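Count along the sequence shown starting at 1, add 228, and that's the number in my numbering. First the structure, in the form of structure tokens, and then the observations on it.
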Amino acid sequence: MKFSPALENLIDALRCLPSVGPKSAQRMTLHLLERDREAALTLAAALREAVEKVGHCSLCRNFTELDICEICCDPRRDKTIVCRGDAGGRPGY
Ligand SMILES: [Zn+2]
229 MKFSPALENL
239 IDALRCLPSV
249 GPKSAQRMTL
259 HLLERDREAA
269 LTLAAALREA
279 VEKVGHCSLC
289 RNFTELDICE
299 ICCDPRRDKT
309 IVCRGDAGGR
319 PGY
């Protein structure tokens, strides 16, 4: 199946996601364009906002929109315990 350059571009872009192969990327692209353009725009805006706003806490490296995350800012928190996102848990949730 031959797609327009913009569609090919979107299919390629979606493949940066884990577990998304060429077929899944095609399916997602066609779904968004044929059935849910509104959701596609919402997705695009949310992606941009997250990428622009979210960084890492300078103390614990957790995702945060602040320099130091809310957990590290909490004075009640035991500073000797550091939650790491790569340790298998989901700190901050
Ligand atoms: Zn932190």
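All C-beta atoms, glycine included, are put in the ideal place defined by N, C-alpha and C. Bear in mind that the values here come from a model prediction, so they are computed numbers and not experimental data.
In this structure, the CA atom of K251 is about 45 Å from the CA atom of D302.
With contacts defined by Cβ atoms closer than 8 Å, A267 and L260 form a contacting pair. Pairing T257 with L275 gives a Cβ-Cβ distance that is not under 8 Å. Less than 8 Å divides the Cβ of K281 from the Cβ of E293.
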